[in-house]
Ligand code: OFO
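Residue numbers (UniProt numbering): 1 to 176.
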């Protein structure tokens with residue numbers, strides 16, 4: 001059973017995760033357009049992961065007998081200055097998501113909703129990994145600077161990222 005405050009906040013987080021998916025799909029499209037297929041692959045995998053995050057929340061709200069209400073999704077940016085610009089915007093967005101998840105966890109604790117608090121632990125850990133991955137790539141891009149060969153090598157590396165579908169439970173808690 002979820003109270004109204006928690007249900008609203010979870011629905012808000014669900015739309016933020018959908019926006020994340022939309023943002024990374026836009027970055028994937030831009031990367032394809034500028035001929036960086038490895039970057040396009042990395043962002044496409046990120047898009048798929050964000051859809052998993054979205055559906056985890058969707059499933060959790062349903063499993064708790066509450067109501068999913070979808071909200072409008074803002075238009076994401078479609079032009080970027082450079083690969084570095086895309087990853088800096090990615091990190092900035094993930095920090096915003098981390099803050100939002102932390103606020104949701106604070107709310108769950110305040111409302112004594114331990115089930116939701118436990119559910120959010122997966123997201124708290126996931127944010128550590130996401131911010132760290134983005135920071136690694138930003139650091140590499142800074143080393144690369146204007147070196148075209150370095151950029152093509154990183155593109156090859158990012159082409160190797162593979163989407164691993166989660167092992168779902170009815171609560172959507174486990175898996176990726
Ligand atoms: Fe990028 O972790 Fe969800 O939003």
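Just so you know, even glycine gets a beta-carbon here, dropped at the ideal spot from N, CA and C.
Quick caveat, the model's predicted, so the values are computed rather than measured.
Given that a residue counts as buried once 16 or more other Cβ atoms are within 10 Å of its Cβ, and exposed if not, what is residue i?
i           : result
residue 1   : exposed
residue 39  : buried
residue 134 : buried
residue 117 : buried
residue 33  : exposed
residue 52  : buried
residue 83  : buried
residue 96  : exposed
residue 41  : buried
Hey, would you say the C-beta of residue i is under 7 Å away from at least one heavy atom of the ligand OFO?
i           : result
residue 20  : yes
residue 121 : no
residue 48  : no
residue 129 : no
residue 74  : no
residue 94  : yes
residue 214 : The question about residue 214 has no answer, for the chain in this structure spans 1 to 176.
residue 57  : no
residue 53  : yes
residue 111 : no
residue 97  : yes
residue 88  : no
Out of the options, state which residue places its alpha-carbon closest to the alpha-carbon of residue i.
i           : options               : result
residue 59  : 132, 137, 14 and 74   : 14
residue 26  : 16, 17, 96 and 80     : 80
residue 72  : 57, 16 and 152        : 16
residue 88  : 141, 42, 12 and 41    : 141
residue 160 : 44, 167 and 95        : 44
residue 77  : 102, 110, 24 and 55   : 24
residue 121 : 131, 101 and 132      : 101
residue 129 : 147, 46 and 144       : 46
residue 94  : 62, 119 and 125       : 125
residue 5   : 156, 144, 110 and 167 : 110
residue 12  : 143, 74 and 157       : 74
Do you know offhand how far residue i's Cα is from residue j's?
i           : j           : result
residue 175 : residue 48  : Because the pLDDT of residue 175 is 49, which lies under 50, any placement of that residue in the model is unreliable, and the number read from its coordinates should be weighed accordingly. Approximately 14 Å between the Cα atoms of the pair.
residue 66  : residue 136 : 39 Å
residue 31  : residue 123 : 27 Å
residue 138 : residue 28  : 17 Å
residue 98  : residue 68  : 22 Å
residue 21  : residue 36  : 19 Å
residue 113 : residue 165 : 29 Å
residue 9   : residue 104 : 7 Å
residue 151 : residue 90  : 18 Å
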